[in-house]
Structures are given as C-alpha cells and as structure tokens.
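K.L.:
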Ligand SMILES: [Cu+2]
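Numbering (the numbering used here), first residue to last: 2 to 234.
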C-alpha cells in the first residue's frame, strides 16, 4: 500500500514537472489573462449580533449569532463580495447554493451570475424563503422539511436580501453579478481571480453594512495584480 502511494506521488510530481519542461503555459496565461488578487480591509470593530432564540431550539439552538461585520485576525473583512463587472467570460459550471443549517443561511453571503441557485433546507424543520428583490421577481415561499432543495432563478444583477418568516433572526444575501469573475471574502478578506482578461477593469466591492466601493485596475497578461481596498463606516 505504502509503496503504491509513493509511486503515485512520484508520478504526479514528475508529471507536473514534465509539463513545465515542455513549455505548457500556466492556466493564467492560457487565455491571455492575468490574476487579480483583491484584499478588503476594515479597521473598525466587528459587529456581531447575538439574539435569544425561543423557537425550534432543538434545531436552532438557544442563541442566534448574526455576523453583520465580521473581521479576521489581520483586519480582513469577511463576507464582502468582490466582482469585476467589466470582465466578461463564460459562465461558471457550478451552480450557486444557499443552505439553511441550524436556522442560519450558509453561507451568509452567496454570489452568483444570473441564472439558477439551489436553496437547500438541511434542518428538517419548516423554513420560509423570503427575498426582497426588485429587479428580479420576489420570492415568498414555504420550504417544508421534506423539501430538501428548491431551485430558483435570478436573471438580473441585483443585491438581494433574504430572510425567513418562520425564524425572524435569519438573514442572508444573494448577490447576482454580471460577470463570472467574482468571489466572497473569507477571514483573510481576500478574493483571488484567475484568467481575468487583460486590460483595464473596474473592481467592485460590496458589503451589507459598509456599502460599496470601486477601484480601477489594469490586469496584465500572465501577471498577478494586487489591490487593497479599505471599507469604512
Ligand atoms: Cu427559517
């Protein structure tokens, strides 16, 4: 067993090396694009709301934690949507997913291109999806425990607030962006986008409490362009 694993690893390492020697271009340069690394910072204090829960406590727990402004150890802002609306490209293969887990929307913020999203209910209790959309038709629909997945469609770019009428503390966001070049920041506050078409672009950052900011950048083929933005209250 052990020996097999070692051989497999060696073959893998050799394979990767060989591709390099033969001069296969790295994916970043394959389409004449570059990498864009966007860092989002916030120097203020985090805002985490804690609310008492007295409904469905077996699934929801007794305290709801709502991350309004979540900041990582290096002052990176979490849950910010970074997108490059000026960069066009083919749609992503993976469908967006928003789950309801422990009476929370997971992830708290989901970004997607216009199209379909799977809304899951992993809780085995009744939830109710309620979207506050204007460009897209609003949804206000019960999702009983047996309905594990509901597929919905958002065809227009928009920031959509999502709540649940059964559990008043549940809050999430679906951000529909007109580009496949997007991401949502984690604890580090960083989104890295590969194969961004070379040229001048506008980077857009959105956060549910701290609002929006844009930045002009120039992406060069085969290079990594780094930008850092700071959102303020
Ligand atoms: Cu709910």
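Here a beta-carbon is modelled for each residue, glycine too, at the ideal position from N, C-alpha and C. What you are looking at is a predicted structure, and each value in this text was computed from that prediction instead of being measured.
Near residue 127, what residues of its chain come up, given a Cβ to Cβ distance below 8 Å and the 5 sequence neighbours on each side ignored?
P.N.:
Only residues of its own chain outside the window of five on either side were considered, and among them 143, 144, 145, 146 and 167 have a CB closer than 8 Å to the CB of residue 127, listed in chain order.
K.L.:
Going by the C-beta, is residue 137 closer than 7 Å to any heavy atom of ligand 1?
P.N.:
no
K.L.:
Going by Cα to Cα distance, which pick from 201, 224 and 207 is closest to residue 217?
P.N.:
201
K.L.:
For the segment 44 to 110, which segments carrying the beta strand (DSSP E) assignment without a break, of at least 3 residues, lie completely within its bounds, in sequence order?
P.N.:
48 to 53, 64 to 70, 82 to 84 and 97 to 101
K.L.:
Do the segment 174 to 192 and the segment 48 to 68 meet, that is, are 3 or more Cβ pairs less than 8 Å apart?
P.N.:
no
K.L.:
Three Cβ pairs or more, each shorter than 8 Å: is that satisfied between the segment 83 to 94 and the segment 103 to 110?
P.N.:
no
K.L.:
One question on the structure: do residue 39 and residue 83 come within less than 8 Å of each other, judged by their Cβ atoms?
P.N.:
yes
K.L.:
Taking its Cβ as the centre, do 16 or more other Cβ atoms sit within 10 Å of residue 156, making it buried, or is it exposed?
P.N.:
exposed
K.L.:
Starting from residue 143, trace the beta strand (DSSP E) in both directions and tell me its first and last residue.
P.N.:
Here the beta strand (DSSP E) through residue 143 covers 141 to 144.
K.L.:
Is it right to say residue 52 is buried, meaning 16 or more other beta carbons lie within 10 angstroms of its own, or is it exposed?
P.N.:
exposed
K.L.:
Are residue 75 and residue 117 close, meaning C-beta to C-beta below 8 Å?
P.N.:
no
K.L.:
Based on DSSP bridge pairs, tell me the residues matched to residue 127.
P.N.:
Residue 127 pairs with nothing; no bridge assigned.
K.L.:
Please determine, among 214, 221, 230 and 208, the residue with the shortest C-alpha to C-alpha distance to residue 71.
P.N.:
208
K.L.:
Less than 7 Å between the CB of residue 101 and some heavy atom of ligand 1, yes or no?
P.N.:
yes
K.L.:
Out of 183, 203 and 137, which one is the CA nearest neighbour of residue 194?
P.N.:
183
K.L.:
Given a cut-off of 8 Å on the beta-carbon distance, is the pair residue 150 and residue 105 in contact?
P.N.:
No, the pair does not count as a contact, with Cβ atoms beyond the cut-off.
K.L.:
Return helix, strand or coil for residue 137, following the three-state DSSP convention.
P.N.:
coil
K.L.:
Hey, would you say the C-beta of residue 185 is under 7 Å away from at least one heavy atom of ligand 1?
P.N.:
For ligand 1, not one heavy atom lies less than 7 Å from the Cβ of residue 185.
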